[in-house]
Amino acid sequence: MSSQLRDAPIGLRCVISAGNKCFPRLRLNRNVWFKGATLLLTFMAYTCYHMNRKPISVFKNVINRNCSNLVPPPGQDIDPTDETWCDWAPFDHTGSDALLGGLDSSFLFAYAIAMFMSGFVAERVNLRYFLSFGMIFSGIASYFFGLARVLNIHDYSYFVVVQVFGGIVQTTGWPGVVTVVGNWFGKSKRGFIFGVWNSHTSLGNILGTRLASQYVEHDWGLSFIVPGLVMAICGLIIFLFLAPHPSNVGCGRPTHVRDANESGSVNAPRRIRSEVSPPSEADTIDTNSSSIDDPDLNEDDSPESSRLLQPDGSSLSGDQPHQAIGFMEALQIPGVIEFSMSLFFSKLVSYTFLYWLPKYIQNSTGLSPKNSADFSILFDLGGIIGGILAGVLSDYSGMSATTCSGMFVLTVPMLFVYQAYGTENTGTNVLLLMLVGLLVNGPYALITTAISAELGTHHSLEGNSRALATVTAIIDGTGSIGAAVGPFIAGFVAPYGWNNVFYILMAANIMALLFLCRIVVAECRRFLRTRRGTWTA
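Just so we're aligned: the sequence shown equals residues 1 to 537 in UniProt numbering.
Structure below.
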């Protein structure tokens, strides 16, 4: 077995071996096949991460409510005069919103703080292990939250500890999946690819909502246990099949080096030296070969193929390996600070909706907990469209900051309109909620994916692509602090009127816009210079 493929996952080797035996004459383009598998596996992985974050927003609707008009589950001996049988201490009094906000913040502050360290670790370990074990432990955290229902646990500190543990292990997700995708894909159409791929966030929210709502009214513990088990199983699949770097399976890697005279936006369309090693006869899976790691398959006509990286960053050709950069070095990359602070406020808005939207819909419309949870899915459906739209606009214009800023500008009046008129009738609610999801999640998705990957492979790094996980962790970690602040504030402000919560969200969007102003001006100047050059020519 070739030393170049010694880290190839065993499940993937078994699939190729089975394919060789069953289809001996079939030849496939190796790069295309493995890229597709990587997108699918990382999509599945982060869908599970968000699926496990969502049940708590559904849980909020059932632990403090009037139980007199509800039907007890079969087999339970309930006093008909008891109006608290469906509540769950310590969330069974008027201050429960603050306690629930505290649970959100326990998870999100732990997530935000641990995220900075997670990126540092991700740059230095095998990402397959990093992701798979992170998913298994995240599933365990969700399982333990639901176990409180089974074991009749009412100690608030228990829920806080489980949330803190869950927040820490969930940080394995984002730096891991973004770095893996960044390892496999170059810069061409990155906004569109990441926009489609990033729909895993909204899809995970939708699946988490649907799973939780199926159990929440008769056994809320299963709303956490079932998603936790699903995530642990998917973690095992990642362990068996994910190849985190092209070199693990003998493929040529995309280059992230740009020309020295490039300038402008972090996501501007620029001439790239070499996108991906061009496919050759060696870039096909020859089913006549005896195994995936046939030495003949590792040859490539491209100069880049002679400089494949091992998982530890060393060069197969003997070149000097790139070293993972430090925290302060990553902060010096142009645009990292601005986009980090913009994401702080953007994620504040997005996660306030993530954790409190079902509660707001129930309070404003009178729908049941299950129906209000299902209705909140519309926000995530709009988010899928928004992420793809933002990616396409960014690719087409080469002006990623301007794309985000345009959506921020439109979000402020849309939040006002939704708060004022969104609950008047079902049709209006559907339309406005999807538009809000589109505008809120569009820039959030673009910053955390395509822009983070662009900054992590910035030309100032002189070809060192090992900054990707660190930069991603800095940007998403800063955003996650905002994600922790938003739900916490909402828990305290909501009892004084939901309109006050919306005013805070509008102000946060304005701040997100202001932090991008300098980059927007630079993008507009570059665009005008380009247009003047075109007219002159």
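The C-beta atom is built at its ideal place from N, Cα and C for all residues, glycine as well. The structure displayed is predicted, hence computed values, not measured ones.
DSSP places TYR143 in the uninterrupted alpha helix (DSSP H) bounded by 127-150. Check the Cα spacing between ASP155 and each of PHE91, ILE136, SER199: the tightest is with PHE91. Nearest C-alpha to SER364 among LYS347, ASN425, MET399: ASN425.
Within a 10 Å sphere around the beta-carbon of MET135 sit 16 or more other beta-carbons, which makes this residue buried. With 16 or more other Cβ atoms inside 10 Å of its own Cβ, GLN170 counts as buried. Ranking LEU415, ALA445, LEU432 by CA distance to the CA of CYS404 puts ALA445 first. Pairing ASN509 with THR411 gives a Cβ-Cβ distance under 8 Å.
Sixteen is the threshold: since fewer than 16 other Cβ atoms of the shown chains lie within 10 Å of the Cβ of VAL409, the residue is exposed.
Take LEU528, set aside five residues on each side of it, and no residue of its chain has a beta-carbon closer than 8 Å to its own.
A distance of 8 Å or more separates the beta carbons of GLY208 and LYS347. Here DSSP, grouped into helix, strand and coil, assigns ASN198 to coil. For LYS347, the uninterrupted alpha helix (DSSP H) segment begins and ends at 336-365. In this structure, GLY486 keeps its C-beta atom at 8 Å or more from the C-beta atom of TYR360.
Less than 8 Å divides the Cβ of GLY477 from the Cβ of MET115. Between LEU381 and MET434, the CB-CB gap stays under 8 Å. In this structure, GLY442 lies near GLY387, with their beta-carbon atoms less than 8 Å apart. The beta carbon of SER480 lies closer than 7 Å to those of LEU108, TYR111, ALA112, MET115, LYS347 in the same chain, with the five residues before and after it left out. Taking C-alpha positions only, ALA420 is separated from THR428 by approximately 11 Å.
Here ALA373 is not near ALA148, since their CB atoms are 8 Å or more apart. The three-state reading of DSSP puts GLN332 in coil, since its state is none of H, G, I, E or B.
Following the DSSP letters along the chain, one finds CYS22 inside the alpha helix (DSSP H) bounded by residues 10-22.
A residue is called buried when at least 16 other Cβ atoms come within 10 angstroms of its Cβ; MET399 meets this threshold and is buried.
Put simply, the backbone Cα of THR449 is about 8 Å away from that of THR472.
Of the residues ARG53, LYS60, VAL440, ASP97, the one whose Cα lies closest to the Cα of TYR143 is ARG53. Spanning the alpha carbons of ALA330 and GLU523 requires a straight line of approximately 22 Å. A straight line joining the alpha-carbon of THR402 with that of THR530 spans about 16 Å. The beta carbon of PHE488 sits closer than 6 Å to those of GLY101, SER105, all from its chain and outside the five residues before and after it, given in chain order.
Here TRP220 carries a coil assignment [DSSP, helix/strand/coil]. In this structure LEU393 is buried. Its beta-carbon is surrounded by 16 or more other beta-carbon atoms within 10 angstroms. The C-alpha of SER368 lies about 44 Å from the C-alpha of PHE120. Assigned with DSSP and collapsed to three states, CYS234 falls in helix. Between MET341 and VAL521, the alpha-carbon positions lie close to 17 Å from each other. In this structure, the beta-carbon distance from GLY437 to PHE379 falls below 8 Å. The three-state reading of DSSP puts GLU123 in coil, since its state is none of H, G, I, E or B. The C-alpha of MET231 is placed about 5 Å away from the C-alpha of GLY139.
In summary, PHE344 is buried, with 16 or more beta-carbon neighbours lying within 10 Å of its beta-carbon over all protein chains present.
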